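Going by my numbering, the first residue of the sequence shown is number 88, and it counts up by one from there.
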Amino acid sequence: MNISPISVADPPTQKQGYRKYTPRYSNGNPIWQYFTVYPYSRIPTCNACGKMIMNGWKSIAGNTTNMRSHLKNKHPHLFRELCAICESEQKKHYSGNWTIIPYVSRDEFLERIIPKPESEPEYRPPSQYSTPERLKTPLSTCHTPVNTHSPTEPTIPKLRFLKEELEAEEATLRLELLRSQIRREVATAQFYQAQTKAIEQGRFPFIFPQSPPQ
């Protein structure tokens, strides 16, 4: 059985057992500045030496791990240049001007933002000239102002208590949002440090994200 080699004019198709390769991170990963995928081969090719980067016997198309290893072993100066590009791209998303807000306890935070309740009116004893209840005449009783408040209508102390509860809940929500922001900033910093360290050690391909982790 004779197996004819695949020519450049007749590239392999999916029917022949090969998968079509499209670089997923060709616009985001800086390593694609040093490799090109030609239509006739569909395999990453080094721009410096022209070598095609394979992925192994299971598939033809290469991956960014082999591409990075090729630069590190065959073109050390290009590998150092790649690390410098990755570091500069990292600084665009991680600003050194970010500040970590110090932790503030819940009680102290609420004490700062919730205004102190107004003082209760000073109690004044009844005047000695006031008419006792038992001496009031029917006429004066008729002219006594009727209480206009309904039993179900909230009083001023109850409204003040509800207002304080709402302010406390709002302050707690602000505190949780502040802590979430701090956790996101710390996670973003750790993420980029791990990416840079992985590129320098050559453990896995550097995938530059479009935005910091949320």
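Don't be surprised by glycine CBs; every beta carbon is placed ideally from N, CA and C. Keep in mind the model is a prediction, meaning the values are calculated, not measured.
Element boundaries [alpha helix (DSSP H), containing residue i]
i    : result
T275 : I243 to Q288
N150 : That residue, N150, is in no alpha helix (DSSP H); it is neither H nor E in DSSP.
For residue j and residue i, the rounded distance between their alpha carbons
i    : j    : result
Y125 : K161 : 21 Å
N150 : S192 : 49 Å
R155 : L197 : 53 Å
T283 : P244 : 59 Å
C133 : K159 : 12 Å
A274 : Q120 : 28 Å
F278 : R270 : 12 Å
E263 : L246 : 26 Å
P117 : Y127 : 23 Å
Y194 : K250 : It is worth fixing the name first, because residue 194 is Asp in this sequence and not Tyr. Computed Cα separation, rounded: 17 Å.
R129 : C173 : 25 Å
N153 : A255 : 56 Å
P92  : F122 : Here P92 scores only 41 on pLDDT, less than 50, and its place in the model should not be relied on; the value that follows carries that caveat. Rounded to whole angstroms, P92 to F122 spans 24 Å at the Cα level.
Q268 : R261 : 11 Å
T231 : T259 : Bear in mind that a pLDDT of 49 at T231, under 50, signals an unreliable position, so the number given afterwards is only what the model happens to contain. Each residue's alpha carbon lies about 47 Å from the other.
R199 : A281 : 38 Å
F166 : E176 : 15 Å
E252 : A285 : 49 Å
R266 : A276 : 16 Å
C136 : G289 : 21 Å
Range of the contiguous beta strand (DSSP E) that encloses residue i
i    : result
P131 : P131 to C133
Beta-bridge partners of residue i, as assigned by DSSP
i    : result
V191 : V191 is not bridged to any residue.
F122 : C133
M139 : T132
Nearest-angstrom beta carbon gap, residue j and residue i [assumed within contact, 8 Å]
i    : j    : result
E287 : C170 : 6 Å
H157 : I140 : 6 Å
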